[in-house]
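As structure tokens, the structure follows; a few thoughts come after it.
Number of protein chains: 2
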Amino acid sequence: MSVPDEEPRRAQMLEAARQVIAERGFPGARITDVADRAGVSPALVIYYFKSKDNLLAEAMRQSEDLWYAEMSRRAAKIPTAAGRLEEVVAMTCHVSSEVVLEGSLELWLDLWAQALRDPEVRAVREESDEHFRETIRQIVRDGVTGGEFSGVDEDDFAVAYTALLDGFAIQVALGDPVVGPERAFDVAMQVASQQLGFAWEPRRARRRTSGKQPTRVRG
Amino acid sequence: MSVPDEEPRRAQMLEAARQVIAERGFPGARITDVADRAGVSPALVIYYFKSKDNLLAEAMRQSEDLWYAEMSRRAAKIPTAAGRLEEVVAMTCHVSSEVVLEGSLELWLDLWAQALRDPEVRAVREESDEHFRETIRQIVRDGVTGGEFSGVDEDDFAVAYTALLDGFAIQVALGDPVVGPERAFDVAMQVASQQLGFAWEPRRARRRTSGKQPTRVRG
DNA sequence: GAACTTGGACTGAACGATCAGTCAACACCG
DNA sequence: CGGTGTTGACTGATCGTTCAGTCCAAGTTC
Chain A
1 MSVPDEEPRR AQMLEAARQV IAERGFPGAR ITDVADRAGV SPALVIYYFK SKDNLLAEAM
61 RQSEDLWYAE MSRRAAKIPT AAGRLEEVVA MTCHVSSEVV LEGSLELWLD LWAQALRDPE
121 VRAVREESDE HFRETIRQIV RDGVTGGEFS GVDEDDFAVA YTALLDGFAI QVALGDPVVG
181 PERAFDVAMQ VASQQLGFAW EPRRARRRTS GKQPTRVRG
Chain B
1001 MSVPDEEPRR AQMLEAARQV IAERGFPGAR ITDVADRAGV SPALVIYYFK SKDNLLAEAM
1061 RQSEDLWYAE MSRRAAKIPT AAGRLEEVVA MTCHVSSEVV LEGSLELWLD LWAQALRDPE
1121 VRAVREESDE HFRETIRQIV RDGVTGGEFS GVDEDDFAVA YTALLDGFAI QVALGDPVVG
1181 PERAFDVAMQ VASQQLGFAW EPRRARRRTS GKQPTRVRG
């Protein structure tokens, strides 16, 4: 799993690779770029990872792991299930940003496209998506148990809601002029509150970056 | 727009390019592949389209146009708004397949990933997505006017529902072991019927290709 | 209507750039 | 000294693009 302290070189290169992929895309990432960013020679990169494909696949895996670790870390701090769900949505819609997550959404687009042909990447994607679904599922279970949520099949909800968030992630990552981060966040939370039966009001404290004003929450 | 009858060579090459992209992915598509498939020399491909990037971008545009043309064609045959919506969902979840649509979902993944860096592709994607949203919006408007649907903001619904369908398209395109075409279709229709307030029952006539049994999972 | 010209469609071969991966050598360290 | 880490220089393959030139159908001229 490449613990930074035990394998500093590997970790350093994986992080470099993550950044390069986010910038130039999976197919556009060159070992030279990774080497430059890590401050080493291209040959050393091959020395540690046998091939470019291997390096990139591992970088993808690590990036996903990082993302979910950050998600867990944040969720653990929040007492209510609704709050945890909101945090997940915020992360996915890039409303709250953090350096660790830089380029995560963009990486997803490459992850999906690459998963179509590369079996190793495909495995990472499947695992990652199931992880995401399970996270949602658990939050819903907790919410139902604690009396916050009601009237929903947790499994169907998890499937539908991850799809919804993936869809919003696309829009946000691509900087869609109609569906910006704020709009995506609001609509996603609106759907969740309605489906799960909890109260939620958009807080206008957040500054919007793009997207239309959400017109009147439905009656 | 490259009408087949007026510009047979261009159209032939664009179709070849579409197939090659679907097979090898956008970055993996080589002009040699396109030339071979079209039965011409690589040089001729460059002769018609100035560059590879240009060819591929136009192929993407044409593919999207084809998809929406097919969608309109089908929708026009269906009298009820609920039926039209169901048809759109069926197309997106690949429940009903047609030769014309072969590889469309896979192409979307490449479209999104490529849109991150290529401005021309980005424009295609934005236009295409707005087109999709407008289609949904119009169906909802019709449904509300005709008394089929009620209690929904058409704009918010369109934004959310296209995101949902995009998300399902990913799962289906990647052959997710948990979320297959049938499951995606059922859940998507369930969400729609609930949000729009119309009756819908899963018909078990459709044959499933993958994915778990949709009703009653995990006891 | 024969001879000649024009221009578009088309090709094979070659060029040149780009990269992933190799290798022999070297430095450092226990 | 031997092994681990590191490098610069090189190689081999891939591919987009260019180019010189062929082919042929449709004018044009006398």
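Chains as they are written, first to last, in this note's numbering: chain A, 1 to 219; chain B, 1001 to 1219. Note that the Cβ used here is the ideal one computed from N, Cα and C, for glycine as well.
Closer than 9 Å to the CB of T1162/B there is at least one CB belonging to chain A. Per DSSP, D65/A is one residue of the alpha helix (DSSP H) stretching across K52 to A76.
For P1177/B, the closest Cβ of chain A is nearer than 9 Å. From the listed residues D1053/B, M1060/B and A1022/B, the smallest Cα separation to I1031/B is found for D1053/B.
Proximity of L1116/B to chain A, defined by a Cβ-Cβ separation below 9 Å, is satisfied. Between L107/A and I21/A, the CB-CB gap stays under 9 Å. For the C-beta of F1168/B, the chain A residues within less than 7 Å are, from N- to C-terminus, A163. Interface with chain B (9 Å Cβ-Cβ cutoff): F26/A is included. Measuring C-alpha to C-alpha distances from L56/A to each of A35/A, V179/A, T162/A and S96/A identifies A35/A as the nearest. Between W1112/B and chain A, the shortest Cβ-Cβ separation is below 9 Å.
Counting other Cβ atoms within 10 Å of its Cβ, G25/A reaches 16 or more and is therefore classed as buried.
For F1026/B, the three-state secondary structure derived from DSSP is coil. Going by C-alpha positions, W1112/B is about 8 Å away from R1122/B. Closest by C-alpha distance to V1179/B, out of V179/A, E130/A, I46/A and E148/A, is E130/A. From the listed residues F1049/B, G1143/B and M1189/B, the smallest Cα separation to I1078/B is found for G1143/B. Among the residues of chain B, those whose CB is under 7 Å from the CB of L109/A are W1112, A1113 and L1116, following chain order.
Per the Cβ contact rule, the region 176 to 192 of chain A is in contact with the region 148 to 168 of chain A (3 or more Cβ pairs under 8 Å). Here D1166/B is near I170/A, since their CB atoms are less than 9 Å apart. For F1168/B, the secondary structure class from DSSP, reduced to helix, strand or coil, is helix.
Look at R141/A: its C-beta is not under 9 Å from any C-beta on chain B. A straight line joining the alpha-carbon of V1099/B with that of C1093/B spans about 15 Å. For R122/A, the chain B residues whose Cβ falls inside 8 Å of its Cβ are L1174, in order along the chain.
At a beta-carbon threshold of 9 Å, the residues of chain B lying near D129/A are I1170, Q1171, L1174, D1176, V1178 and V1179, ordered along the chain.
Scanning its chain for C-beta atoms nearer than 7 Å, with the 5 sequence neighbours on each side dropped, one finds around Q12/A the residues A38, in chain order. Taking 9 Å as the upper bound on Cβ-Cβ separation, chain A lies near no residue of the region 1073 to 1096 of chain B. Its chain contains M189 and S193 as the residues whose beta carbon lies nearer than 6 Å to that of W200/A, once the 5 sequence neighbours on both sides are disregarded; these appear in chain order. In the three-state reduction of the DSSP assignment, T135/A falls in the helix class, which pools H, G and I. Here R125/A has L111 and A115 as same chain residues with Cβ atoms under 6 Å from its own Cβ, once five neighbours each way along the sequence are excluded. A distance below 6 Å between beta-carbons, with the five flanking residues on each side excluded, links I1139/B to the following residues of its chain, in chain order: A1081, R1084 and L1085. Closer than 9 Å to the CB of R1125/B there is at least one CB belonging to chain A. Residue nearest to E1070/B within the set V1040/B, S1051/B, L1101/B and A1090/B is L1101/B (criterion: CA-CA distance).
Interface annotation, E1106/B: in contact with chain A, CB-CB separation under 9 Å.
With a beta-carbon spacing of about 29 Å, L1109/B and V1152/B fall beyond the 8 Å limit used to define contacts.
With respect to the 9 Å criterion, L1044/B and R1009/B are classified as neighbours on the basis of their beta carbons.
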